Structures are given as structure tokens and as C-alpha cells.
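Read in order, the letters of the sequence shown correspond to residues 4 to 239 in our numbering.
Quick reminder that beta carbons are idealized off the backbone N, C-alpha and C, glycines included.
Given the structure is predicted, the values throughout are model-derived calculations rather than measurements.
Reviewing the structure listed below.
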Amino acid sequence: MLEVRDVRVFYGKHAALQGVSLEVRRGETVVILGANGAGKTTLLNTVSGLIRAEGGSHIAFGGATIHDRPAPQIVEAGISLVPEGRRIFGDLTVQENLRLGGYPKRARAREQQNLDHVLSLFPRLAERRSQAARTMSGGEQQMLAIGRALMAEPELILLDEPSIGLSPRLTKELFGALAGLRDDTRSILLVEQNAHASLAIADRAYLLENGHIVRGGDAKELRNDPAVQRAYLGLE
Ligand code: ATP
Numbered sequence: 004m005l006e007v008r009d010v011r012v013f014y015g016k017h018a019a020l021q022g023v024s025l026e027v028r029r030g031e032t033v034v035i036l037g038a039n040g041a042g043k044t045t046l047l048n049t050v051s052g053l054i055r056a057e058g059g060s061h062i063a064f065g066g067a068t069i070h071d072r073p074a075p076q077i078v079e080a081g082i083s084l085v086p087e088g089r090r091i092f093g094d095l096t097v098q099e100n101l102r103l104g105g106y107p108k109r110a111r112a113r114e115q116q117n118l119d120h121v122l123s124l125f126p127r128l129a130e131r132r133s134q135a136a137r138t139m140s141g142g143e144q145q146m147l148a149i150g151r152a153l154m155a156e157p158e159l160i161l162l163d164e165p166s167i168g169l170s171p172r173l174t175k176e177l178f179g180a181l182a183g184l185r186d187d188t189r190s191i192l193l194v195e196q197n198a199h200a201s202l203a204i205a206d207r208a209y210l211l212e213n214g215h216i217v218r219g220g221d222a223k224e225l226r227n228d229p230a231v232q233r234a235y236l237g238l239e
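Written out as C-alpha cells, the structure reads:
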């Protein structure tokens, strides 16, 4: 469904992505693990059309080339990003934030149904729908950011470090919600430093180091791999 081939991104002379290739199939949850500065945010922003990749890079979605399209067209094609730091509108209510996510043409006609659906997925948002978003807890704000992305009826959701700043309990709740999102058509591509929680819900995983994919494989196999355990799971 998503195909990333030989993607290179430079910030000035700094090569943030040095020929990244990966794929996400329909219905899959895929996690990209990497340390600070590995290039995780750059990769998601490039797929979303917020950053341009160098010539020779190729990104396709559902068989169509997307790396040359502007970001709003990529949303219309069915890819929604939940950005790092959530970027919700603090002075707007929960419900207003969600409605903004329903603006893309692909979903506009079903805004009310989609709102009802998101509120049923995240009952906490339903309880707090009239509350200003900035007064929500970190975990609630993360759920709001995911709910806002879902309002565009994405086929692929990109999540940038959703567990950052969350307590272990909220992280567990969040990953439970993500596991509940999967159905036959929706795919999830997640970047994380939290290897424990993300490998537990992923089908496959890639390891990103200094702008290179150094490993890829079945999430369970990677979880049991001694080198991965040392580097990402804090086990000796
Ligand atoms: P983190 O987990 O810390 O968010 P990351 O894996 O998401 O890290 P990126 O944000 O993609 O990493 O950054 C990859 C590299 O590119 C880093 O070395 C970073 O300093 C650099 N970089 C990111 N954005 C810019 C920019 N706008 N200008 C210059 N360098 C940048």
C-alpha cells in the first residue's frame, strides 16, 4: 500500500535520510524504531509531503506516485499524520479540534458520522467534548490528535512518537487504543523510541539508525533478538 524506495533527504549538507526503503501493506501495523536524531520525524514528514525528498527518491501509495504532491493532496489520497507534539489547537474545544480534522474533501460529507465514530472509539473525548483542548491531560491530547487524524478517514495513519511524555499507565492505554484501531483496511506506520510497547502491537518493524534502515522483520522476531534487546529494550 505504501512503498518508500531509496528516499534521501538533506538539511543543507546534513543527510538525514540516506536511501530509506520500506513498505507498509494493507491492514498492517509497522513500527520504525530509532534513537534521537535517527531521522524518524523526517521520514514521516517526507511521506506526508511536508518535506521534499531528493531526486531519485520514490514514494507511492496505492500504486500512485505521491512524493511530488503537496501535503493536502496526500491527505486527500488517504494518508493522515499525527505529528510529534500533537499540535492541537489549545483554545478550541475537543469537538472543534475534531471537526477541523474532518475538513478534507474525501471525508467532509460524513463529518457527523465520523465525529460520532471517533467519540465512540475514545469515550474520554466524548466526556470532554466541550472542554478547551489545552486543559486536557497529555494522554487525552494524544488521543485527540489521533481522533482528529481519523476524521479524514485515512487508509494509512502516520504516528510520530505518540508515547512521548506519557506515563507508563497512559502509554499502555494509548497502545491499547491503537491496537483497537486496526481493521482490515487501515494501516498504521508508527515511529517510536518505546520499543516495548510498540513491538507488542506491531506486525513488522524496521530499525532506523543515522538515516539508514539497518534491520527489518517480523516484530516478534525482533523482540526476541539479543542485539535488538540490548539496543532498544534495555536488556542485557
Ligand atoms: P527525535 O527522536 O529526537 O525526534 P528523529 O529520529 O525524529 O529524532 P529527525 O527529527 O528526523 O530525528 O532528525 C534527523 C536529523 O536531522 C537530526 O540530526 C536533526 O538534528 C536533523 N534535522 C532535523 N530537522 C532539521 C532542520 N530543519 N534543519 C537541520 N537539521 C535538521
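Subject >> Three-state class that DSSP yields for residue 21 in the structure shown >> reply: In the sequence shown, counting from the first residue as 1, residue 21 sits at position 18. Reduced to three states, the DSSP call for residue 21 is strand.
**OP:** Along the alpha helix (DSSP H) that carries residue 119, what are the first and last residues, could you check?
**Re:** Position 116 of the sequence shown, counted from the start, is the residue given in the question as residue 119. Looking at the DSSP string, the run of the alpha helix (DSSP H) that includes residue 119 is 114-124.
Original post:
Which residues in the same chain have their Cβ closer than 8 Å to the Cβ of residue 38, if we skip the five residues on either side of it in sequence?
Top reply: Within the sequence shown, numbered from 1, the residue matching residue 38 stands at position 35. Once the five neighbours on either side are set aside, the close Cβ partners of residue 38 are 196 and 212.
**OP:** Just the C-alpha distance for residue 264 and residue 176, rounded to the nearest angstrom, thanks.
**Re:** Because residue 264 is not part of the residues shown, which for the chain are 4 to 239, the question remains open.
Subject >> Whole-number beta carbon distance between residue 125 and residue 3, since they are thought to touch under 8 Å >> reply: Any question about residue 3 goes unanswered here, given that the chain covers just 4 to 239.
**OP:** Provide the residue span of the beta strand (DSSP E) that contains residue 14, from first to last.
**Re:** Locating residue 14 in the sequence shown gives position 11, counting from the first residue. Segment 5-14, the beta strand (DSSP E) holding residue 14.
**OP:** Report, in whole angstroms, the separation of the C-beta atoms of residue 209 and residue 35, which I expect to be a contact under 8 Å.
**Re:** On the sequence shown, position 206 is the one that residue 209 refers to. On the sequence shown, position 32 is the one that residue 35 refers to. Correct: roughly 5 Å between the Cβ atoms.
Subject >> Nearest-angstrom Cβ-Cβ length linking residue 5 and residue 192, presumed shorter than 8 Å >> reply: Position 2 of the sequence shown, counted from the first residue, corresponds to residue 5. Position 189 of the sequence shown, counted from the first residue, corresponds to residue 192. Yes, they are in contact, since the Cβ atoms of residue 5 and residue 192 sit about 7 Å apart, within 8 Å.
**OP:** Tell me whether residue 239 sits in a helix, a strand or coil according to DSSP, three-state version.
**Re:** To locate residue 239, count along the sequence shown from 1; it is residue 236. Legend: pLDDT at residue 239 = 48, less than 50; position of this residue unreliable, value from coordinates given subsequently. In the structure shown, residue 239 sits in coil (DSSP, three-state: anything other than H, G, I, E or B).
Original post:
Per DSSP, residue 29 is paired with what?
Top reply: For the purposes of this step, residue 29 is taken as the residue at position 26 of the sequence shown. Note: residue 29 sits in no beta bridge, so no partner.
**OP:** Assuming residue 216 contacts residue 23 (C-beta within less than 8 Å), just tell me the rounded distance between them.
**Re:** Stepping through the sequence shown from its first residue, residue 216 is reached at position 213. Stepping through the sequence shown from its first residue, residue 23 is reached at position 20. So it is a contact: roughly 6 Å between Cβ atoms.
Original post:
Which residues bound the alpha helix (DSSP H) around residue 74?
Top reply: The residue you call residue 74 lines up with position 71 of the sequence shown. Start and end: 74-80.
Subject >> Option nearest residue 86 by Cα separation, candidates 165, 26, 56 and 226 >> reply: Along the sequence shown, one-based indexing puts residue 86 at 83. Ranking 165, 26, 56 and 226 by Cα distance to residue 86 puts 165 first.
**OP:** Compute the Euclidean distance between the alpha carbons of residue 12 and residue 71, then round it to the nearest angstrom.
**Re:** Counting from 1 along the sequence shown, the entry for residue 12 is found at position 9. Counting from 1 along the sequence shown, the entry for residue 71 is found at position 68. Cα-Cα distance, rounded: 14 Å.
**OP:** If I'm right that residue 132 touches residue 96 with Cβ under 8 Å, what's the distance once you round it to whole angstroms?
**Re:** Within the sequence shown, the letter at position 129 stands for residue 132. Within the sequence shown, the letter at position 93 stands for residue 96. Right, their Cβ atoms sit about 7 Å apart.
Subject >> Separation of residue 111 from residue 92, as counted between CA atoms >> reply: To locate residue 92, count along the sequence shown from 1; it is residue 89. To locate residue 111, count along the sequence shown from 1; it is residue 108. Their backbone Cα atoms lie some 20 Å apart in a straight line.
Original post:
Does the beta-carbon of residue 68 have 16 or more other beta-carbons within 10 angstroms, so that it is buried, or is it exposed?
Top reply: As a working note, residue 68 is residue 65 in the sequence shown. Under this definition residue 68 is an exposed residue.
**OP:** Please state whether DSSP places residue 151 in a helix, a strand or coil.
**Re:** In the sequence shown, the residue the question calls residue 151 occupies position 148. Reduced to three states, the DSSP call for residue 151 is helix.
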